[in-house]
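Novice: This is the structure, below, for whatever I ask next.
Numbering (the working numbering), first residue to last: 451 to 723.
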């Protein structure tokens, strides 16, 4: 049975869900805007699976988004729960952190990166086969959509919108409801080089790694042609990886944890076995 723990002997509180299990330890990292609950439906028997709310998310504390400090948060969880040398599995932003963890810890037994390779709002060269005018128009539309999202989350949520956010993804202050994470953290992540493109860092990983990429557009994502070209660019840039870096495709969108939890669990379990 899973148990929830809050780690307080760190510079910020860290909310953790320990799913238990007798097997090798595994650290589970959610995506930007998510919480540790994203992993509840992904059954991983044979492992001691531990999920956490990243800083600024869920029930964990607030702090500036600096990648090294977030890795220090993960170190604190590993130390507090005596996880030793865990495999690290991350979705989206969590997958990017898994790559950075493997670079910090080359002795890591393995990592799994679930569509955590680059932001859809990436460099123009990452959309091969799309003419420049269409690419620039659709990138501008995508930027406008993300700008509006960040602006909407920078202040209190409008009346009636708060209950639409899961309980872990909102907080009440001074009688107002705010989303977690807020606009400041989203903006800090959005423009960081690591978030915009993690593939060059993936090529520096020396431990075994599994990368899972989706074949479908994210729900509600503007710019259909842009996303087709985006996936084409990801496949291009993953070509020729060394054998210890494996790539699999999954018939799902970026929201693969919610859409295909059993298939995701099978990929993770089969790889780590």
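The C-beta atom is built at its ideal place from N, Cα and C for all residues, glycine as well.
Tell me whether the segment 526-545 and the segment 451-469 touch, counting them as touching only if at least three CB pairs, one residue from each stretch, are closer than 8 Å.
Specialist: Yes, since at least three Cβ pairs between the segment 526-545 and the segment 451-469 fall closer than 8 Å, the two stretches touch.
Novice: Within a Cβ cutoff of 8 Å, which residues of the same chain sit near residue 616, ignoring the five residues on either side of it in sequence?
Specialist: Correct list, in chain order: 485, 487.
Novice: On the three-pair Cβ rule with 8 Å, is the segment 512-522 touching the segment 488-496?
Specialist: Touching, no, given that fewer than three Cβ pairs across the two stretches are closer than 8 Å.
Novice: Given a cut-off of 9 Å on the beta-carbon distance, is the pair residue 679 and residue 580 in contact?
Specialist: Yes, Cβ-Cβ distance for residue 679 and residue 580 is below 9 Å.
Novice: What does a CB cutoff of less than 6 Å around residue 547 pick up in its chain, not counting 5 residues either side in sequence?
Specialist: Result list for residue 547: 479, 540, in chain order.
Novice: Would you call the segment 624-641 and the segment 606-613 in contact, with 3 or more CB pairs under 8 Å?
Specialist: The answer is yes - the segment 606-613 touches the segment 624-641, with three or more Cβ pairs under 8 Å.
Novice: Return the residue from the list 464, 470, 466 that minimises the CA-CA distance to residue 451.
Specialist: Ranking 464, 470, 466 by Cα distance to residue 451 puts 470 first.
Novice: For residue 712, name the three-state secondary structure that DSSP assigns.
Specialist: Helix at residue 712.
Novice: Taking Cβ to Cβ, would you say residue 500 is nearer than 9 Å to residue 477?
Specialist: Closer than 9 Å, so yes.
Novice: Residue 707: buried (16+ other C-beta within 10 angstroms of its C-beta) or exposed?
Specialist: Counting Cβ neighbours within 10 Å, residue 707 comes out buried, since at least 16 surround it.
Novice: Please give the ranges of any alpha helix (DSSP H) in the segment 638-698, keeping only runs that are unbroken, at least 4 residues long and fully inside the region.
Specialist: List check, alpha helix (DSSP H) in window: 643-646, 649-652, 674-688.
Novice: Per the DSSP calculation, residue 541 is bridged to which residue(s)?
Specialist: Its beta-bridge partners are 564.
Novice: In whole angstroms, what is the alpha-carbon distance linking residue 596 and residue 589?
Specialist: Cα to Cα, the separation comes out at about 10 Å.
Novice: Beta-carbon within less than 7 Å of residue 683's beta-carbon, same chain only, minus the 5 sequence neighbours each way: which residues are those?
Specialist: Correct list, in chain order: 576, 577, 578.
Novice: Within 10 angstroms of the Cβ of residue 563, are there 16 or more other Cβ atoms? Answer buried if so, exposed if not.
Specialist: Answer is buried; the Cβ neighbour count reaches 16.
Novice: Closest to residue 644 by C-alpha separation, out of 661, 572, 455, 657, would be which residue?
Specialist: The option with the nearest alpha carbon to residue 644 is 572.
Novice: Might you give, ordered along the chain, the residues of its own chain that have their beta carbon closer than 6 Å to the beta carbon of residue 659, omitting 5 neighbours on each side?
Specialist: Contacts found: 561, 695.
Novice: Could you check where the beta strand (DSSP E) with residue 621 kicks off and where it finishes?
Specialist: Start and end: 620-623.
Novice: Measure from the alpha carbon of residue 704 to the alpha carbon of each residue in 662, 601, 712, then state which is nearest.
Specialist: Selected option, being the one with the closest Cα: 662.
Novice: Identify the continuous beta strand (DSSP E) that holds residue 498 and give its terminal residues.
Specialist: Counting along the chain, the beta strand (DSSP E) containing residue 498 begins and ends at 497-502.
Novice: Check for me: the alpha helix (DSSP H) holding residue 584 runs from which residue to which?
Specialist: 582-602 is the extent of the alpha helix (DSSP H) around residue 584.
Novice: Looking at C-alpha atoms only, which residue of 650, 602, 618 is the closest neighbour of residue 637?
Specialist: Of the candidates 650, 602, 618, the one whose C-alpha sits nearest the C-alpha of residue 637 is 602.
Novice: Can you list, in chain order, the residues of its chain with a C-beta nearer than 6 Å to that of residue 652? Leave out the 5 residues immediately preceding and following it.
Specialist: Excluding positions up to five away in sequence, the list reads 549.
Novice: Using 8 Å for Cβ pairs, my map puts residue 568 next to residue 640. What's the rounded Cβ distance?
Specialist: With a Cβ gap of about 12 Å, residue 568 and residue 640 do not count as contacting.
Novice: Taking the alpha-carbon of residue 718 as reference, which of 545, 642, 556 has the nearest alpha-carbon?
Specialist: Checked all of 545, 642, 556; the closest Cα to residue 718 is 545.
Novice: Tell me the DSSP secondary structure of residue 574 in three-state form.
Specialist: Helix, per DSSP.
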